[in-house]
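Input: a single structure, listed below in structure tokens.
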Amino acid sequence: MKADPHPWACDLSQLHAEVWTRLMRGVHDRHAPARHPTLATVTPDGRPQARTVVLRAADKAAGSLDIHTDLRSAKVRDVRITPFAAVHVWDASAHLQLRLEAHVTLLTGPDVTAIWARLPAASRLSYGTTPAPGQRIAQALDYEKVADPKSFVVLRLAVANIEALHLGPNHRRALFDRGDNWAGTWLAP
Ligand SMILES: Cc1cc2nc3c(=O)[nH]c(=O)nc-3n(C[C@H](O)[C@H](O)[C@H](O)COP(=O)(O)O)c2cc1C
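Counting from 62, one number per residue, gives the positions in the sequence shown under the numbering used here.
Next comes the structure, spelled out in structure tokens:
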């Protein structure tokens with residue numbers, strides 16, 4: 062077996078810890094790969110949809126992730142009907158792919174007052190566009206950005222499982238499940 066440049070990938074509990082370290086780095090470092098995960102949902106007619114988002118919070122103890130979006134967006138329509146999402150991150154320097162499955166809860170109104178209060182004014186403008194996101198407009202710039210707390214929603218993702226694929230000199234693939242308290246198991250890559 063060849064020496065591995067990422068020793069954390071050789072042990073299930075270290076790999077699990079590394080996954081959360083990298084997710085949390087995404088929240089705090091705008092250049093970290095986990096800053097911009099891909100969020101996939103299921104549309105009302107059962108088709109997959111994926112888009113880039115910003116990771117706003119990652120809580121290892123709770124096993125949760127937060128994403129901020131507009132209440133009128135298609136992804137919110139999706140999770141109202143199918144409250145599950147998949148999250149994907151490719152961390153190239155760590156040779157690490159993360160695939161998470163999560164149950165999604167929508168937090169609005171008084172539940173997000175404190176989060177809204179901490180948002181910079183420029184960020185608030187992303188929530189409250191007129192007309193609503195995804196509406197057809199005659200010209201590309203026929204919209205207004207208005208900060209509207211009523212349009213602000215936090216998608217709180219309760220992670221159900223995490224699959225980590227490490228492409229080191231040896232390929233290692235692991236599955237961590239909330240159901241077994243994140244103990245983890247190796248999978249054939
Ligand atoms: C780098 C990047 C970051 C983005 N971050 C967010 C985000 O945090 N929240 C969000 O709602 N949309 C974000 N978007 C826009 C989404 O990718 C998507 O275009 C938009 O939310 C509409 O998606 P929907 O129609 O599937 O709801 C981001 C796009 C890019 C390219």
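Note that the Cβ used here is the ideal one computed from N, Cα and C, for glycine as well.
Given the structure is predicted, the values throughout are model-derived calculations rather than measurements.
Does the separation of the CB atoms of A221 and A235 fall below 7 Å? no
Tell me the rounded alpha-carbon separation between G124 and Q200. 42 Å
Which one or two residues does DSSP pair with D152 in a beta bridge? L157
Please state whether DSSP places H77 in a helix, a strand or coil. When secondary structure is reduced to three states using DSSP, H77 falls in the helix class.
Quick one: Cα of L143 to Cα of D241, how far? The residue asked about is misnamed: residue 143 is Thr in this sequence, not Leu. Roughly 24 Å separates the two Cα atoms.
Beta-carbon contacts of G87 that lie in its chain and below 6 Å, excluding the five residues immediately before and after: A93, A95, R96 and L116
Please state the DSSP three-state secondary structure of D72. coil
Is the separation between the beta-carbon of V214 and that of L167 shorter than 7 Å? yes
I think L100 touches V148, with their Cβ atoms under 8 Å apart; what is that distance to the nearest whole Å? 6 Å
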